[in-house]
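**Student:**
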Amino acid sequence: MASSSRYQVLSLYRMLLKESKKFPSYNFRMYALRRVRDGFRANHSLLAQRPFSNICETVMREATAADPIIPRKFC
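In this text, residue positions in the sequence shown follow this note's numbering: the first is 717, and each later residue adds one.
#1: Compute the distance between the beta-carbons of Leu736 and Val752, then report whether it is under 8 angstroms.
#2: In or out: Ala748 buried (at least 16 other Cβ within 10 Å) or exposed?
#3: For Asn759, which three-state DSSP category applies?
#4: Please return the same chain residues whose Cβ sits closer than 7 angstroms to the Cβ of Leu733, not counting the five positions on each side in sequence.
#5: Give a yes or no on whether the C-beta atoms belonging to Arg745 and Phe739 are separated by under 8 angstroms.
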């Protein structure tokens with residue numbers, strides 16, 4: 717994994733965690749944090765296979781399809 721792509725992934729992860737912590741409801745907040753962590757753990761192996769831009773598109777598409785609450789907060 718290239719250094720810039722590692723930086724981009726870590727930056728995206730931190731931004732998603734930070735935004736997830738802004739939900740006023742405890743249940744939504746914990747759900748969003750769990751989804752972000754689980755999503756990054758599940759897709760950890762993708763970085764070796766595809767460029768970062770493709771991964772971002774895939775993650776946003778999956779997030780929108782699976783859970784419309786979180787992408788609304790970020791878009």
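Note that the Cβ used here is the ideal one computed from N, Cα and C, for glycine as well.
**Tutor:** So, from the listed chains and residues:
#1: One detail in the question is off: residue 736 reads as Ser in this sequence, not Leu. In this structure, Val752 lies closer than 8 angstroms to Ser736 by Cβ.
#2: With 16 or more other Cβ atoms from the protein chains shown falling within 10 Å of its own Cβ, Ala748 counts as buried.
#3: Looking at Asn759 - three-state DSSP - the assignment turns out to be coil, as it is neither helix nor strand.
#4: Excluding positions up to five away in sequence, the list reads Leu749, Val752.
#5: Cβ distance < 8 angstroms, so Arg745 and Phe739 count as in contact.
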